[in-house]
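**Q** Residue numbering for the sequence shown follows the working numbering, beginning at 432 and increasing consecutively.
For glycine and all other residues, C-beta sits at the position ideal for the given N, C-alpha and C.
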Amino acid sequence: MSESESTMESTENGWNVREEIPVQDALIAKLKMFGYVLAGILVIGFGYYFYSGMQQTTNEEAMTALSRISSYYESGQFQKALDGDPSRTIRGGKVIGLKAIVSEYGGTPAGAFASLYAGTSLLNIGKYSEAMPYFESASGSDDQTVSAGGKAGLAACKEEMKSFEEAASLYESAAGAKDSPLYERYSLFAALNYEKASAGGSVTAKDKAITLMKGLIAKNSGSDYMNEAKMGLARLGWHEN
432 MSESESTMES TENGWNVREE IPVQDALIAK LKMFGYVLAG ILVIGFGYYF
482 YSGMQQTTNE EAMTALSRIS SYYESGQFQK ALDGDPSRTI RGGKVIGLKA
532 IVSEYGGTPA GAFASLYAGT SLLNIGKYSE AMPYFESASG SDDQTVSAGG
582 KAGLAACKEE MKSFEEAASL YESAAGAKDS PLYERYSLFA ALNYEKASAG
632 GSVTAKDKAI TLMKGLIAKN SGSDYMNEAK MGLARLGWHE N
């Protein structure tokens, strides 16, 4: 068996069939899922602020600026989304970048949302240290969805920088209450980071990973996260009595 594989015991309803599982598969899938959920947060939040913020002139201006630049973000042109496109105007207005929107409208709800966009853009192009202040700003938002996105973004940066225990703690914070729609996803991300931290010999990190994974299984939601938790427990050598 290669070093990239481990043995898992499972059945559809139990734990007694052995199969070889590539350890890194779950982690790669996790990173993809992170990208999707953060994109979902951005889309949902953008719509919310567009309609609820129209009464506030400054926030309306910020949302107009966001609407002009959003197509660059959505098409993966992250550097242009950050810097803007001076060659274009839309309905007579300049297409300013996310950095400028944050600088000019940082005190508005839409400004916090622009911070989340900017942080995610920088994360996508590998500029983790630059992304962190934007995620910090978003994490302080009064809106729970934007705040969770900011914390998750910080966690992703810490993970890429191999600060796994810090990443895990931030993912736990982003997960929120157990009835939150993001709870299982971010709790799993936290557990996986504690698992990676435990590879360096941290018993505390291993215990935290096991506790989170057992909690996801006990929730018995039938989700993919529950199945990932079962695989994680097998990798960590924990078995039901």
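Within 10 angstroms of the Cβ of Tyr482, are there 16 or more other Cβ atoms? Answer buried if so, exposed if not.
**A** Here residue 482 refers to the residue found at position 51 of the sequence shown. Residue confidence for Tyr482 is low, a pLDDT of 46 falling below 50, so the modelled location carries little weight and cannot support an answer.
**Q** Using beta-carbon positions only, say whether Leu554 and Ala587 come within less than 8 Å of one another.
**A** The residue you call residue 554 lines up with position 123 of the sequence shown. The residue you call residue 587 lines up with position 156 of the sequence shown. Yes. Within cutoff.
**Q** With distances taken Cα to Cα, identify the nearest neighbour of Tyr617 among Ser594, Ser568, Gly631 and Ala660.
**A** One-based indexing of the sequence shown puts residue 617 at position 186. Nearest C-alpha to Tyr617: Ala660.
**Q** In chain order, what residues of the same chain lie with their CB nearer than 7 Å to the CB of Arg499, ignoring the 5 residues before and after it?
**A** Taking the sequence shown and counting its residues from 1, one reaches residue 499 at position 68. Contacts found: Ile521, Gly524 and Val526.
**Q** Could you check which residue in Ala549, Gly537, Phe544 and Ala543 has the C-alpha nearest to that of Gly528?
**A** For this step, residue 528 is matched to residue 97 along the sequence shown. The residue with the shortest Cα to Cα distance from Gly528 is Ala549.
**Q** Measuring alpha carbon to alpha carbon, tell me which of Ala543, Glu615, Ser560 and Glu596 ends up nearest Gly581.
**A** As a position in the sequence shown, residue 581 is number 150, starting the count at 1. Per the Cα distances, Ala543.
**Q** Per DSSP, what kind of secondary structure is Gly515 in: helix, strand or coil?
**A** Taking the first residue of the sequence shown as 1, we reach residue 515 at position 84. Looking at Gly515 - three-state DSSP - the assignment turns out to be strand.
**Q** Assign Tyr503 to one of two classes, buried (16 or more other C-beta atoms within 10 Å of its C-beta) or exposed (fewer than that).
**A** For this step, residue 503 is matched to residue 72 along the sequence shown. Buried, since its Cβ has 16 or more Cβ neighbours within 10 Å.
**Q** According to the neighbour-count rule (16 or more other Cβ atoms, all chains shown, within 10 Å of its Cβ), is Gln510 buried or exposed?
**A** Walking along the sequence shown from the start, residue 510 turns up at place 79. The residue is exposed, with fewer than 16 neighbouring Cβ atoms inside 10 Å.
**Q** Label Lys463 either buried or exposed according to how many other C-beta atoms from any shown protein chain fall within 10 Å of its C-beta, with 16 as the threshold for buried.
**A** For the purposes of this step, residue 463 is taken as residue 32 along the sequence shown, with counting starting at 1. With a pLDDT of 43 at Lys463, under the threshold of 50, the modelled position of this residue cannot be trusted; read the value that follows with caution. Under this definition Lys463 is an exposed residue.
**Q** Can you have a look at Gly571 and say buried or exposed, based on whether 16 or more other CB atoms are within 10 angstroms of its CB?
**A** In the sequence shown, counting from the first residue as 1, residue 571 sits at position 140. The residue is exposed, with fewer than 16 neighbouring Cβ atoms inside 10 Å.
**Q** Take Ser594 as the anchor and find which of Ala608, Thr495, Tyr614 and Tyr559 has the nearest alpha-carbon.
**A** The residue labelled residue 594 in the question sits at position 163 within the sequence shown. Of Ala608, Thr495, Tyr614 and Tyr559, the residue nearest in Cα terms is Tyr559.
**Q** Can the beta-carbon of Glu596 be found less than 8 Å from the beta-carbon of Ala630?
**A** The residue you call residue 596 lines up with position 165 of the sequence shown. The residue you call residue 630 lines up with position 199 of the sequence shown. The answer is no: Cβ separation not under 8 Å.
**Q** With respect to the alpha helix (DSSP H) encompassing Gly524, which residues constitute its N-terminal and C-terminal limits?
**A** Stepping through the sequence shown from its first residue, residue 524 is reached at position 93. No alpha helix (DSSP H) contains Gly524, which is instead part of the beta strand (DSSP E) from Gly524 to Ile527.
**Q** Among residues of its own chain, excluding the 5 on either side of Pro517, which ones have a beta-carbon nearer than 8 Å to its beta-carbon?
**A** Position 86 of the sequence shown holds residue 517. Cβ within range, chain order: Lys525 and Val526.
**Q** Is the distance from the Cβ of Gly663 to the Cβ of Glu626 below 8 Å?
**A** Here residue 663 refers to the residue found at position 232 when the sequence shown is read from its first residue. Here residue 626 refers to the residue found at position 195 when the sequence shown is read from its first residue. Contact flag set, yes.
**Q** When you compare the CB positions of Ala583 and Lys589, do they come within less than 8 Å of one another, or not?
**A** Along the sequence shown, one-based indexing puts residue 583 at 152. Along the sequence shown, one-based indexing puts residue 589 at 158. Their beta carbons are not under 8 Å apart, which means Ala583 does not touch Lys589 by this criterion.
**Q** Under 8 Å, do Ala606 and Ala622 count as touching if we go by C-beta distance?
**A** Position 175 of the sequence shown, counted from the first residue, corresponds to residue 606. Position 191 of the sequence shown, counted from the first residue, corresponds to residue 622. Their beta carbons are not under 8 Å apart, which means Ala606 does not touch Ala622 by this criterion.
**Q** So, is Arg666 buried or exposed, given that buried needs 16 or more other C-beta atoms within 10 angstroms?
**A** Along the sequence shown, one-based indexing puts residue 666 at 235. Under this definition Arg666 is a buried residue.
**Q** How would you label Glu401, buried or exposed, when you count the other beta carbons within 10 angstroms and need 16 or more for buried?
**A** Since the first residue shown for the chain is 432 and the last is 672, residue 401 is missing from the structure and cannot be characterised.
**Q** Are there 16 or more other CB atoms within 10 angstroms of the CB of Ala457, so buried, or fewer, so exposed?
**A** Here residue 457 refers to the residue found at position 26 of the sequence shown. A caution first: Ala457 carries a pLDDT of 46, below 50, which makes its placement in the model unreliable, though a value can still be read off. Buried, since its Cβ has 16 or more Cβ neighbours within 10 Å.
**Q** Going by beta carbon distance, what residues of the same chain come within less than 8 Å of Ile648, once the five residues before and after it are set aside?
**A** On the sequence shown, residue 648 is found 217 positions in, with the first residue counted as 1. Excluding residues within five positions, the ones whose Cβ falls inside 8 Å are Met657, Ala660, Lys661 and Leu664.
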